[in-house]
Amino acid sequence: MTMILSDIIPIAIVGLFLFVIIRAGREPLWEEAYRRLGSNRQTMAAIVVMSLFIAIGILDSITVSVSNSGKPQTIVDVMFRGIPQERTYSEPMGTVTVGEPHPHELKHKHIFGTDGVGRDVFYNMLKGCRTAIIIGCLTQLIAMPVALVLGMLAGYFGKLTDDLIQYAYTVLDSIPGVLLLIVIITVLSLKGQERGLLQICTALGVTSWVQLCRLVRGETLKHRDRDYVRAARALGVSHGRILLRHILPNLLPILIITATLGVSGNIISETILTYLGVGVPPDIGSWGNMIDSARMELARQPVIWWNFSVASLAVLILVLCINIFGDALRDAVDPRLRS
Amino acid sequence: MLWYVARRILYSIPILIGVTLFTFLLFFVSVTPQQMARHNLSARNPKPAQIKAWVKQHGYDKPKVVQFVDYTKSLFTFQFGKSDATGQDISDRLRHGILPSTELGVIMFTASLITNVFFAVYFAYYRGTYVDNWGRLLCVVVMSITTPVFIIAGQYIFGIILKLWPIAGYHIGMTSWKFVFLPALIGVISGFGGSVRLYRTFILEEINQDYVRTARAKGVPEGRTLFLHVLKNAAIPFITSIVLSIPFLITGSLLYESFFGIPGIGNITVEAVQGQDFATIRAVTFFYTILYVIGAIMTDIAYAAADPRIRLE
Amino acid sequence: MPSATLSTRAYEASPNVGQASLPVTHIKMPDVLLQLEDLKTYFTVEGGPARAVDGVSFTVEQGKTLAIVGESGCGKSMTGLSILQLVPEPAGYIDGGKVLFEGKDLLDSTWEQMREIRGKDIAMIFQEPMTSLNPVRTIGWQLVEAMEVHGTARGAEARKRAMDSLDRVGLSGPDVVMRQYPHELSGGMRQRVMIAMALSNRPKLLIADEPTTALDVTVQAQILALIRELQQETGMSVLLITHDLGIVAEVSDSVAVMYAGQVVESASTLDLFKSPMHPYTQGLFASIPSRSRRGQDLLTLDGIVPPATAWPSGCRFEPRCRHAWGTCKSVAPKAAPKGADRPVRCHLYDPDIADRPSTSAAPTAEVLP
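Protein chains in written order, with numbering that gives the first Met the number 0: chain A, 0 to 338; chain B, 0 to 312; chain C, 0 to 368.
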């Protein structure tokens with residue numbers, strides 16, 4: 000098994016999230032939260048489905064061999080080796096191609112049909128999982144440290160530091176998000192960098208840290224004036240230690256919940272960016288691309304609806320599960336909802 | 000109160016300056032003129048002479064400070080220059096785009112607001128019942144469907160299958176509403192989830208407050224409590240959330256106008272992005288930023304008007 | 000002599016209308032205005048129902064003040080809210096019992112009937128004046144509302160009455176106050192506004208839930224004096240909920256001591272202070288710092304109140320009681336045993352309990368037969 004660097008990233012991301020979740024589980028606050036989560040069937044179903052998507056994403060990250068044309072083959076590719084590429088579109092469970100002057104026989108059954116170049120739609124959807132998860136999670140990993148550090152500094156030290164940081168993010172925030180995204184991605188591509196997942200994640204991260212930062216700053220302000228911080232200062236504890244060991248643990252619940260809900264927002268943003276033309280390039284499979292191609296497909300005769308439907312459903316299900324999970328997590332951790 | 004307004008407007012000036020500086024750094028400093036020229040010239044491998052000529056023609060060879068001053072001046076006087084791609088006058092194009100954009104934007108915003116507030120009050124009033132629970136589930140599902148899906152599916156269902164409204168295009172004048180109706184409808188449907196949940200939370204937060212208990216102890220009927228006590232207080236976070244919805248309006252204008260062929264500013268923007276027309280992108284970015292800043296100021300003023308505790312500071 | 004407004008309305012509302020009539024102005028004997036019988040208010044929480052109010056009974060006589068005393072969590076506030084059926088839903092609900100107001104059970108009333116009673120026949124003021132007033136409405140608007148929703152007065156008439164009531168509760172410059180917002184007033188002023196609002200429609204009963212707890216001591220005295228004055232002026236009854244024995248001594252005619260959701264002792268204020276009978280009441284009095292015990296350790300009651308989801312099956316005070324013995328753990332004491340001249344929820348005064356120890360529990364001798 001040869002693992003390339005880009006393969007390690009998704010696995011590392013997922014591993015990091017798992018680590019945080021398990022580590023947090025040791026805290027009594029989270030123990031009770033997890034118990035509450037586990038008792039709700041809807042939430043458990045959402046978690047199971049989410050894990051399915053994540054598992055597919057990981058499977059798609061592990062390179063197993065190299066194909067004839069030199070492209071790396073992942074586990075997912077290997078699973079679909081038996082399903083050949085057709086000439087062009089075909090209906091789900093169909094027997095012939097559609098949209099051609101003369102329909103041709105299909106070489107194999109395709110559950111969800113095939114797309115314009117004859118690729119199995121189910122295969123496309125599975126390939127899109129990895130893209131969605133990377134965009135969702137990597138963006139948060141880029142945005143969170145920035146938001147955390149700046150937010151804590153601004154909230155804790157106040158005065159000039161606070162003014163500067165607030166000025167910085169107000170300026171950034173005044174430029175409407177989608178435009179800033181477009182500008183950053185366009186600038187990056189002009190500098191010669193191929194538009195890839197990393198560029199999009201960076202752009203999304205730069206535009207989304209502000210909301211998180213505001214939250215962190217607000218919470219830090221709340222805790223800075225609490226008596227336990229004053230007590231620590233009176234004991235001579237250094238600022239850094241207070242920030243790290245007192246304030247940060249109190250920020251974690253709200254941080255984790257907002258970050259989780261941000262993942263689903265990023266997945267949706269990817270579809271919008273691709274739709275506008277500055278998203279994931281077509282050679283990297285993504286659900287956004289599948290939805291975007293539907294623009295033309297739905298206008299054809301006969302109507303090609305399966306590509307669009309499968310991708311839309313995939314986005315809907317994954318985002319819905321993340322939202323349900325995030326909401327349930329928020330309710331479970333909320334101290335007011337406790338007896 | 001007047002002093003509050005003045006202070007608010009004054010604070011926006013350094014923000015605008017900051018934005019100008021930041022966009023300048025993005026546009027002019029991070030990308031070298033050579034890279035821009037190389038990109039805009041149609042030839043595969045442009046000769047150095049061609050590059051130099053293009054750079055000089057578009058004024059990218061002057062020293063950075065001079066460029067910054069020129070840039071700032073042109074922005075604040077709304078003289079955006081000529082498009083990098085087509086050579087057309089940008090300000091002129093923007094002027095023509097304002098009317099369609101405003102029409103679509105205002106209709107979508109107002110319709111969304113009324114719908115969302117109505118359902119938020121409805122779900123809050125029936126909280127805990129199956130109406131509320133199914134309503135909330137519906138909201139989460141609608142929230143999880145991405146806007147392009149709504150647009151593509153909506154246009155397909157309403158325009159092609161049901162043939163109810165024109166699917167694209169625009170005419171200035173009395174019949175323009177016909178073209179705006181479908182995108183506005185889809186916009187209201189797609190924007191349903193998140194806002195309804197948020198407003199419902201605002202209302203429920205207020206319902207649990209002490210003064211509501213006092214009102215009930217006074218014998219105030221439930222309906223009056225809801226409308227004259229709860230909603231007036233819920234208006235405060237509601238107004239502040241309006242500011243947050245402005246960026247969504249702008250994203251919306253990009254998506255809806257480009258798909259439905261409405262020649263507004265959003266459409267101009269998308270064309271500029273696809274054509275990598277930097278000059279237009281700069282102009283549009285500034286334009287939308289000004290819009291956002293003005294919107295934020297107006298929202299702050301409305302917020303002060305609604306909350307007497309702020310007014311007297 | 001009770002005022003005309005009270006007596007006419009009471010007469011018309013009472014179930015005795017149509018029977019042999021007494022001249023209304025004749026009423027001088029103590030008349031029961033409010034009677035609670037075995038009231039139960041529970042909350043649905045994780046781990047079972049929390050029995051916040053678990054079989055509470057007491058009586059409030061016309062023109063008199065009854066104080067309900069207890070520590071935090073004993074259910075006294077919830078009792079007050081239950082009378083007006085303002086228990087926080089959906090978790091809270093009234094599980095049983097009777098709330099007899101002028102002879103009629105309020106728990107049988109429809110929502111609309113209750114709404115008419117609230118703010119008109121029974122009024123309530125709360126502990127936190129900071130948050131109990133609507134922050135975005137002027138004082139005048141809120142006062143006028145109290146009258147308009149019951150049709151007592153409208154428009155200019157209501158505004159005039161509102162200003163008069165502000166004056167009556169001791170707020171100077173009432174015309175200015177009418178136009179102000181709650182956050183512009185101090186805590187004491189806000190509580191006076193609350194009182195003015197509660198009294199707008201001349202209620203027969205005022206429920207005051209810890210009205211002075213959030214106020215400074217000097218303001219406390221003023222507010223209490225004001226309530227007392229207004230009571231004498233209008234002849235209304237007051238149900239005062241508090242944790243402060245000092246307040247009880249100052250303003251109440253009779254007392255009911257609550258612990259763990261039940262009334263453990265009730266008596267006239269004089270009798271209770273002269274000879275507290277229940278060990279809990281004795282503990283309360285003993286833990287008041289006193290000059291006579293200068294230099295000695297402050298007395299405390301060991302232990303804490305058990306959680307409302309798991310009241311002990313025997314006496315609820317048993318874990319903390321100095322006099323407890325075997326039976327106390329297993330058998331719940333009766334609310335009003337034969338061996339005492341007032342309701343005391345304690346086996347020490349119950350001659351039917353076999354293995355009672357012979358030592359007396361109370362400081363005075365008039366306890367055991």
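Built from N, CA and C at the ideal position, the CB exists for glycine as well. Just so we're clear, the structure is a prediction, and the values are computed from it rather than from any experiment.
In this structure, how does DSSP classify residue 117 (chain C) when only helix, strand and coil are distinguished? strand
Alpha-carbon spacing of residue 155 (chain B) relative to residue 297 (chain A), whole angstroms: 7 Å
With 16 as the cutoff for other CB atoms within 10 Å, does residue 46 (chain C) come out buried or exposed? exposed
Listing by chain order, which chain B residues have their CB less than 7 Å from the CB of residue 293 (chain A)? 151
Tell me, please, whether the segment 193 to 205 of chain B touches the segment 230 to 241 of chain B by the rule of three or more beta-carbon pairs shorter than 8 Å. yes
Is the shortest distance between the beta-carbon of residue 125 (chain C) and the beta-carbons of chain B less than 9 Å? yes
Confirm, please, whether the CB-CB distance from residue 54 (chain C) to residue 39 (chain C) is below 9 Å. yes
Any residues in the segment 298 to 325 of chain A with a beta carbon nearer than 7 Å to a beta carbon of chain B? Which ones, in chain order? 307, 311, 314, 315, 318, 319, 322, 323
Residue 213 (chain C): first and last residue of the uninterrupted beta strand (DSSP E) it sits in: Taken as a continuous stretch (DSSP letters only), residue 213 (chain C) belongs to no beta strand (DSSP E), as it is neither H nor E.
Classify residue 87 (chain A) as helix, strand or coil using the three-state DSSP reduction. coil
Is residue 19 (chain B) close to chain C? Criterion is C-beta to C-beta, closer than 9 Å. no
Count the other CB atoms, across all protein chains shown, that sit within 10 Å of the CB of residue 227 (chain A); report buried if there are 16 or more and exposed otherwise. exposed
Would you identify the three-state DSSP class for residue 336 (chain C), choosing helix, strand or coil? coil
Which listed residue (B:133, B:193, B:89, B:24) has its alpha carbon closest to that of residue 67 (chain B): B:24
Measure the C-alpha to C-alpha separation of residue 325 (chain A) and residue 80 (chain C) and round it to an integer number of angstroms. 36 Å
Closer than 8 Å, Cβ to Cβ, to anything on chain B: give me those residues from the segment 108 to 123 of chain C, in chain order. 114, 115, 116, 117, 118, 119, 122, 123
Kindly say whether residue 54 (chain B), judged by its beta-carbon, lies nearer than 9 Å to any beta-carbon of chain A. no
Residue 117 (chain A) - containing alpha helix (DSSP H), residue span: From DSSP, residue 117 (chain A) is part of no alpha helix (DSSP H); its letter is neither H nor E.
Under 7 Å between beta-carbons, which chain A residues line up against residue 142 (chain B)? List them in chain order, please. 322
Counting pairs of beta carbons, one from the segment 248 to 265 of chain B and one from the segment 69 to 76 of chain B, are three or more of them closer than 8 Å? no
What residue ranges within the segment 177 to 254 of chain B form continuous alpha helix (DSSP H) runs of no fewer than 4 residues, ordered along the chain? 191 to 206, 209 to 217
Take every Cβ of the segment 239 to 249 of chain B, pair it with every Cβ of the segment 211 to 226 of chain B, and state whether three or more of those distances are shorter than 8 Å. no
Return the Cβ separation of residue 139 (chain C) and residue 201 (chain C) in integer angstroms, given the expectation that the two are a contact with Cβ distance under 8 Å. Contact doesn't hold; Cβ gap of about 19 Å is too wide.
Tell me whether residue 91 (chain B) sits in a helix, a strand or coil according to DSSP, three-state version. helix
Nonlocal neighbours in the same chain, by C-beta distance under 8 Å from residue 198 (chain A), ignoring five residues either side: 184, 187, 188, 192
Please tell me whether residue 267 (chain A) has its Cβ less than 9 Å away from any Cβ of chain B. yes
Suppose the cutoff is 7 Å on Cβ atoms and the five residues either side in sequence are ignored; what does the same chain contact list for residue 287 (chain C) look like? 244
Residue 224 (chain A), buried or exposed, once every other Cβ within 10 Å from all chains shown has been counted against 16: exposed
Check the Cβ of residue 41 (chain C) against every Cβ in chain B and list those closer than 9 Å, keeping chain order. Simply none; closest approach about 18 Å.
Between C:146, C:346, C:239, which lies nearest to residue 78 (chain C) when the distance is taken from Cα to Cα? C:239
Three Cβ pairs or more, each shorter than 8 Å: is that satisfied between the segment 305 to 312 of chain A and the segment 175 to 191 of chain B? no
Give me the DSSP bridge partner(s) of residue 41 (chain C). C:50, C:92
Quick one: Cα of residue 169 (chain C) to Cα of residue 214 (chain C), how far? 16 Å
At a CB-CB cut-off below 9 Å, which residues of chain B make contact with residue 31 (chain C)? Correct list: empty, because the minimum Cβ distance to chain B is about 23 Å.
Cα-Cα separation between residue 349 (chain C) and residue 343 (chain C), rounded to whole angstroms: 9 Å
Go through its chain and collect everything with a Cβ distance to residue 205 (chain A)'s Cβ below 7 Å, but skip five positions before and after it. 183
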